[in-house]
Amino acid sequence: MDQQNKRVVLVTGATGGLGTAMCEDLHKNGYRVVANYRNKEKADKWKAEMDAKGISVSLFAGDVSNYESVGKMVTAIEAEIGPIDVLVNNAGITRDTAFRKMTYDQWRDVLSSNLDSVFNCTRHVINGMIDRNWGRIINISSVNGQRGQFGQANYSAAKAGMHGFTKTLAMEVARKGVTVNTISPGYIGTDMVMAVKEEIRNQIVEQIPLGRLGGTEEVAHLVCFLASDKASFITGANYSINGGQHVY
Ligand code: CAA
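Everything in the sequence shown is counted per the working numbering, starting at 113 for the first residue and increasing by one.
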């Protein structure tokens, strides 16, 4: 398939652990991959590593927590690459601290990067998807949005908010060929998880029936499946991928 006929996927926060694995797998599955980033120095280094692995990605800067910034980024992507067919709302941060010590900024930073971002990015691509009668929105939530975690009142609230968003938007666009789903990864071997104090992390791994952290590629495979035509009857769903840590 030549570049023109490939579906275009935008992965936000692409240079992180999960984002990298998604870009690799999506590229291997024939998508034209657009990688959003905020830190240019990190992104340039990351792009060189992807090039060396033979993974073709186009970098676009944008602060997903800022509505205008996302609007400019989407306009630039559409002009240079083409309409966005698949959006993976993957960008996210942590500011872990017990709630009694949590500052307003720690609350706002996490809510704006992890939940406002979902509005900002989806709002800028949804009408194009509706017009073309095909689209995929994939929201990356967390096991800690399903069950809570000490020190993550901000993160859990944002990640839980994605579920309500997914379910409602799925209903609104189902007849327009657009599906909207959430993936809730558990503890995956990313820098974000490795930043948790070793002692606490080891306690967490002990709670995982599979006895290990997840692999980033395991989440990426699920993203590729939900992005594909094979998943066209799946919408408004949440997929847990947590090694059995939270079952219900
Ligand atoms: N459960 C129960 N009690 C806890 C606790 C826990 N997990 N952590 C701390 N406490 C208790 C302490 O024992 C202590 O009790 P006393 O006051 O009675 O002595 C009190 O709380 C200390 O509170 P502090 O605020 O001082 O806690 P701390 O600074 O030691 O640790 C924390 C706070 C940094 C948030 C720590 O709890 C922590 O790292 N938690 C894990 C956070 C986590 O899992 N983050 C995931 C990041 S990765 C990610 O988010 C990806 C994803 O989607 C899964």
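Even for Gly, the Cβ is constructed at its ideal location relative to N, Cα and C. No experiment lies behind these values; they were computed from the predicted model shown.
Could you check where the alpha helix (DSSP H) with residue i kicks off and where it finishes?
{"i": "Phe-172", "result": "It is not in any alpha helix (DSSP H) - Phe-172 instead sits in the beta strand (DSSP E) that spans 169-173."}
{"i": "Tyr-267", "result": "265-285"}
{"i": "Ala-147", "result": "That residue, Ala-147, is in no alpha helix (DSSP H); its beta strand (DSSP E) goes 144-149."}
{"i": "Asn-314", "result": "310-318"}
{"i": "Ile-353", "result": "That residue, Ile-353, is in no alpha helix (DSSP H); its beta strand (DSSP E) goes 350-353."}
{"i": "Asn-232", "result": "229-244"}
{"i": "Val-305", "result": "303-306"}
{"i": "Asn-293", "result": "Unbroken run through Asn-293 is the beta strand (DSSP E), 290-297; no alpha helix (DSSP H)."}
Flag this pair as yes or no: are the beta carbons of residue i and residue j separated by less than 8 Å?
{"i": "Gly-355", "j": "Ile-312", "result": "no"}
{"i": "Ser-352", "j": "Ser-268", "result": "no"}
{"i": "Val-292", "j": "Thr-347", "result": "yes"}
{"i": "Lys-288", "j": "Ile-242", "result": "yes"}
{"i": "Ile-252", "j": "Asn-201", "result": "yes"}
{"i": "Thr-302", "j": "Gly-128", "result": "yes"}
{"i": "Gly-174", "j": "Met-185", "result": "yes"}
{"i": "Leu-281", "j": "Cys-233", "result": "no"}
Quick one: measure Cβ to Cβ for residue i and residue j, integer angstroms, because I've assumed they're closer than 8 Å.
{"i": "Ser-229", "j": "Ser-181", "result": "Rounded, the Cβ-Cβ distance is 10 Å, inconsistent with contact."}
{"i": "Gly-386", "j": "Gly-298", "result": "With the chain covering 113 to 360 only, the question about residue 386 has no answer from this structure."}
{"i": "Val-410", "j": "Asn-148", "result": "No answer is possible for residue 410: it lies beyond the span of the chain, which begins at 113 and ends at 360."}
{"i": "Leu-130", "j": "Val-331", "result": "6 Å"}
{"i": "Gly-362", "j": "Gly-183", "result": "Nothing can be reported for residue 362: it is not among the residues displayed for the chain, which extend from 113 to 360."}
Between which two residues does the beta strand (DSSP E) harbouring residue i extend?
{"i": "Gly-247", "result": "247-252"}
{"i": "Val-123", "result": "120-123"}
Contiguous beta strand (DSSP E) assignments of at least 3 residues, all confined to the region 171-213: 198-201
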